[in-house]
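Peer 1: Take a look at this one; I'll ask things after.
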Amino acid sequence: MADKPYYPNGSIASVDTLAKVLGVRASFLTSIAKKSKSSYVSFEVETKNKTRWVYEPKPSLKHIQKKINSRIFTRVHYPSYLMGGIKDTQKPRDYISNASVHAKAETLISLDIKDFFPNTREVYIKDIFKNLFEFSEEVSSTLTSLVSLESRLPQGACTSSYVANLIFHNSEYEVVSKLRQRGINYTRLLDDITLSSKKSLSREEREGAIALVIAMLTKYDFNLNNKKTKVEYKTNIGSTYEVTGAWVRHGKPKLRKKERNEIRHLVHIVEKKHSENPYNEEYHEIWNRASGLVAKLARFGHNNESKKLRERLKSVLPLYDDAKAETLRVQAIKLIRRKDANKISYNEGTKKSVNKMIHDLGILSRTRPDISKPLRKQIRSCFSGIVFDET
63 MADKPYYPNG SIASVDTLAK VLGVRASFLT SIAKKSKSSY VSFEVETKNK TRWVYEPKPS
123 LKHIQKKINS RIFTRVHYPS YLMGGIKDTQ KPRDYISNAS VHAKAETLIS LDIKDFFPNT
183 REVYIKDIFK NLFEFSEEVS STLTSLVSLE SRLPQGACTS SYVANLIFHN SEYEVVSKLR
243 QRGINYTRLL DDITLSSKKS LSREEREGAI ALVIAMLTKY DFNLNNKKTK VEYKTNIGST
303 YEVTGAWVRH GKPKLRKKER NEIRHLVHIV EKKHSENPYN EEYHEIWNRA SGLVAKLARF
363 GHNNESKKLR ERLKSVLPLY DDAKAETLRV QAIKLIRRKD ANKISYNEGT KKSVNKMIHD
423 LGILSRTRPD ISKPLRKQIR SCFSGIVFDE T
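Just so you know, the sequence shown maps onto residues 63 to 453 in the working numbering.
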């Protein structure tokens, strides 16, 4: 039998105890839960195929949601077939890891849950807290209010990917087990489900596998997006043979030659723009984009290419001019003075601001170490309680 998600900690019986677990006042927690429906800012985002709505939690709700993540959701033991939005230092889980599971398959089946987030109903969200975590009715209702919006799962809330992973907590493991008995692998990266087999599945075999998934989805009032259902065989040279966007035809996830060429071309453009002006914001943005893509090369195992391109990028690093140096100096001194005057507290916003300042001063050290070095030292000393990001 496949593993189920498992929460090793004890039950939470009251809102007062929940507040202590989250490190907030019970009255504050209750107040935010009651007005959670008005605690989002919504906006539209353009994607390749359509426009979707994103719901950004306001600061107070976001603060609580981050606490829910760090003190409740991250404590769950997630089974290996779940791949999306899970922090796993032992075995990183992302779209590349997901593709790796299916890389040596002869048959690939790609399925998409239709409108997954907006169709995730409140009753099933609450079921996670009541029956997986075994929290009380009062606590389950409060947490459900804090992670849902208008009885649905809001795309944009930091808790939503964790809820999405757990929504099938009492059914998915059975589907995975039945498929394994048939020699079929199953993974899910949020709304993307992938099935694969090391043999060429017959029509009857693949339809039976898909039927198992459909039955699970129907139980939770979901449907497949039939337009995105895709069955591919390795013997079909004309197929894309991708898993969640990663090319897997050659036994492990790789980037196609065309994409690798585009990354090399972008590094060439960066080198050209560096000779024109390495100080302006546009150059900083294009260098960061190129750096991210070179890191992607390494993540896909194209190590020789990524090392050569990384060296080229190191020779054309973004710089800050004297005007920016003065601005950073003033901002850093203000940050230090606010801390000295106890006008700043430790929270996610503070951590983000301090780490950005450390990062910016790191860039400044390339041209003005006389300004950068002492300020970085002071900030690290003042904010010693913060875990600094590597820069």
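Think of the CB as a built atom: it goes at the ideal place given N, C-alpha and C, for glycine as much as any other residue.
Please give the ranges of any alpha helix (DSSP H) in the segment 247-282, keeping only runs that are unbroken, at least 4 residues long and fully inside the region.
Peer 2: Entirely contained in the segment 247-282, the alpha helix (DSSP H) runs reaching 4 residues are, in chain order, 265-281.
Peer 1: Taking all protein chains shown into account, decide if W349 is buried (16 or more other Cβ within 10 angstroms of its Cβ) or exposed.
Peer 2: Label assigned to W349: buried.
Peer 1: Taking Cβ to Cβ, would you say Y224 is nearer than 8 Å to Y143?
Peer 2: Against a cut-off of 8 Å, the Cβ pair of Y143 and Y224 comes out as no contact.
Peer 1: Can you list the alpha helix (DSSP H) stretches of 4 or more residues lying completely in the segment 144-194, in chain order?
Peer 2: List check, alpha helix (DSSP H) in window: 157-163 and 184-189.
Peer 1: Could you tell me the distance, in whole angstroms, from the CA atom of S32 to the CA atom of L397?
Peer 2: The requested residue 32 is not part of the displayed model; the chain covers only 63 to 453.
Peer 1: Using the beta-carbon count (16 or more within 10 Å), is T109 buried or exposed?
Peer 2: By the neighbour-count rule (16 or more Cβ atoms within 10 Å), T109 is not buried but exposed.
Peer 1: Assuming L205 and I130 form a contact by the criterion Cβ under 8 Å, report the distance between their Cβ atoms to the nearest whole angstrom.
Peer 2: That pair is a contact at about 7 Å.
Peer 1: What residue range does the alpha helix (DSSP H) around K439 cover?
Peer 2: Segment P431 to C444, the alpha helix (DSSP H) holding K439.
Peer 1: With a 10 Å radius around its C-beta and 16 neighbouring C-beta atoms as the bar for buried, classify R322 as buried or exposed.
Peer 2: R322 is buried by the Cβ-count criterion.
Peer 1: Tell me the rounded alpha-carbon separation between K296 and A352.
Peer 2: If you take the alpha carbons of K296 and A352, they lie about 32 Å apart.
Peer 1: With distances taken Cα to Cα, identify the nearest neighbour of A357 among C444, E343, D174 and E373.
Peer 2: Checking every option, the nearest Cα to that of A357 belongs to E373.
Peer 1: Starting from the C-beta of S162, find all residues in its chain whose C-beta is less than 7 Å away, skip the five residues before and the five after it, and write them out in chain order.
Peer 2: Counting only Cβ-Cβ distances below 7 Å, and skipping sequence neighbours, we find K314 and P315.
Peer 1: Can you say whether S98 is buried or exposed, counting buried as having 16 or more other CB atoms within 10 angstroms of its CB?
Peer 2: Its Cβ being crowded by 16 or more others within 10 Å, S98 is buried.
Peer 1: Please classify F135: does DSSP put it in a helix, a strand, or coil?
Peer 2: F135: helix per DSSP, three-state reduction.
Peer 1: Assign F135 to one of two classes, buried (16 or more other C-beta atoms within 10 Å of its C-beta) or exposed (fewer than that).
Peer 2: By the 10 Å Cβ count, F135 comes out buried.
Peer 1: Tell me whether T306, by its Cβ, gets closer than 7 Å to a heavy atom of the ligand ADP.
Peer 2: As presented, the structure is devoid of all ligands, the ligand ADP included, so that no description of it is given.
Peer 1: Rounding to the nearest angstrom, what Cα-Cα distance links I171 and E294 in this structure?
Peer 2: Distance between the alpha carbons of I171 and E294: 6 Å.
Peer 1: Do you know how far the Cα of A219 is from the Cα of K96?
Peer 2: Rounded to whole angstroms, K96 to A219 spans 17 Å at the Cα level.
Peer 1: Quick check on this structure: which residue in L241, F191 and K376 has the alpha carbon closest to the alpha carbon of H346?
Peer 2: Answer by Cα proximity: K376.
Peer 1: If you draw a straight line from the alpha carbon of K176 to that of A277, how long is it in whole angstroms?
Peer 2: Taking the straight line joining both Cα atoms gives about 14 Å.
Peer 1: Output the distance between the C-alpha atoms of I255 and L328, rounded to the nearest integer angstrom.
Peer 2: The straight-line gap from Cα to Cα measures roughly 33 Å.
Peer 1: Short of 7 Å in beta carbon distance, which residues of its chain neighbour I433, apart from the five on each side in sequence? Order them along the chain.
Peer 2: The residues are A387, R391 and L426.
Peer 1: If distances are taken between C-alpha atoms only, which option among K192, K289, V237 and L194 comes closest to G270?
Peer 2: Of the listed residues, the one whose Cα sits closest to G270 is V237.
Peer 1: Residues in the same chain with beta-carbon distance under 8 Å from K240, minus the five sequence neighbours each way, listed in chain order, please.
Peer 2: Closer than 8 Å at the Cβ level, and outside the excluded window around K240, lie L274.
Peer 1: Under 8 Å between the Cβ atoms of F197 and S89?
Peer 2: No; because the gap between Cβ atoms is not below 8 Å, this pair is not in contact.
Peer 1: Helix or strand or just coil, what does DSSP make of R21?
Peer 2: Nothing can be reported for residue 21, as the shown portion of the chain is limited to 63 through 453.
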